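One structure is given below, encoded as structure tokens.
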Amino acid sequence: MSDGTDAAGLADLLADDCARRILIETKNGPCSASELSKRLDTSEPTVYRRLERLRKYDLISEEIQPVTDGKNYKVYQAQLHSLTLTLTDEGFEITVSRRERMADRFTCFVENR
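Per UniProt numbering, residue 1 is the first one in the sequence shown, and the count goes up by one each step.
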């Protein structure tokens, strides 16, 4: 593994239809677990379990979204940009390319990097 990612665990996660659909739904903008549950026609507990697994591999980010009624809720957005699987003499190597987070881009801007 070139970036320390567990190849078998990641392959298992991406073999899961619900996890893949969550990544697709959150690629272009953040969604709440409730929104994802409706879009995917699956239970919220199932969505939360997949979100937790996706977060373990840093494939999805979680942010707090403020709402006008004073309550806040979490939204999720895909961080996966690309994934490369390479066959080596030792087995498989996975390289994961992640999107740059807005906070990271802002930090780079402020620090003039």
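Yeah, the Cβ is synthetic: ideal placement off N, Cα and C, and Gly gets one too.
Predicted model only: the values in this text are computed from it and were never measured.
In its chain, beyond the 5 residues on either side, Y73 and V75 have a beta carbon closer than 6 Å to the beta carbon of Q65.
Under DSSP, P30 shares a beta bridge with no residue. Between the alpha carbons of I60 and T86 lies a distance of about 23 Å.
In this structure, D89 and R50 do not form a Cβ contact; the two beta carbons are roughly 34 Å apart against a cut-off of 8 Å. Around the C-beta of A33, 16 or more other C-beta atoms lie within 10 Å, and the residue is accordingly described as buried. If you draw a straight line from the Cα of V47 to the Cα of E63, it comes to about 16 Å. Contact between I24 and L36 fails: their C-beta atoms lie close to 11 Å from each other, not under 8 Å. Separation of the CB atoms of Q79 and R53 is rounded to 14 Å, and the pair is thereby denied contact status at 8 Å. CA-CA distance, F92 to L10, rounds to 12 Å. Relative to the Cα of T95, the nearest Cα in the group D69, T68, E44 and Y57 belongs to Y57. The C-beta of A7 has fewer than 16 other C-beta atoms within 10 Å across all chains shown, which makes the residue exposed.
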